[in-house]
Amino acid sequence: MDHQSLLIDGVRVPRFLYGTAWKARRTKVLTELALHQGFRGVDTANQRRHYDEAEVGKAVTASIESGMLEREDLFLQTKFTFKDGQDHRLPYDPQAPVGVQVEQSFASSLEHLGVSEIDSYLLHGPTRRVGLGAADREAWRAMEAIHDGGRVRLIGVSNVSLDQLRSFHREARVPPPLRPEPVLRRTRLGP
């Protein structure tokens, strides 16, 4: 294994992923630039409030078609975001059960990104600040089903507390991978 990637559950994951949030109209050009500069991992979300996943897909397609990289060389990560984290441009039917919302969002992500498989699919964050709710568990079960179907290689969570991560890990049939070192350490700045 090279020093620029990790092996998580048998999947090679780059240590650094290019984050595509808040790029707006510059998403495609900046993602292409990141890929040109050597990034081989891209993080996005099906959340139009902060991401333009379709523009990420255009950048990926252009980079592959130009011969800069092959799909096998690229790690694509996207996320399911609950309604409270979205704006009015929802990638799913808000009246549908949560499991159906996850499936609809995932199908939309495949279309946006122009791929038949996603490397990593994350729950963008739980529905509550403390503990897990029924919707969190239902979303995770839907993600497990997508994983079982072979359309995603890894499933995981983001923006969770350590207690929430432990709960997911304890309750899940396909638990999120655990990393021994912190990815983001929250520190207080100033007095």
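Quick note, this note's numbering runs 7 ahead of the 1-based positions in the sequence shown. C-beta: ideal position from N, C-alpha, C; glycine also.
message: So the candidates are L37, N166, A149; which of them puts its Cα closest to the Cα of Q111?
response: With distances taken between Cα atoms, Q111 lies closest to A149.
- prompt: Beta-carbon separation of Y25 and T38 under 8 Å?
  reply: Closer than 8 Å, so yes.
- prompt: Counting only runs that start and end within the stretch 79-127, where is the beta strand (DSSP E) found for 3 or more residues in a row?
  reply: Runs found: 82-87.
task: Kindly indicate which three-state DSSP category R56 falls into: helix, strand or coil?
output: In this structure, R56 counts as coil in the three-state DSSP scheme.
Opening and closing residue of the alpha helix (DSSP H) in which V164 lies: Under the DSSP assignment, V164 falls outside any alpha helix (DSSP H), being part of the beta strand (DSSP E) whose first and last residues are 159-164.
message: For a test of the three-state rule: what should DSSP assign to L172, helix, strand or coil?
response: Correct three-state label for L172: helix.
- prompt: Do the stretch 139-157 and the stretch 102-109 touch if we need at least three Cβ pairs shorter than 8 Å?
  reply: Touching, per the Cβ criterion.
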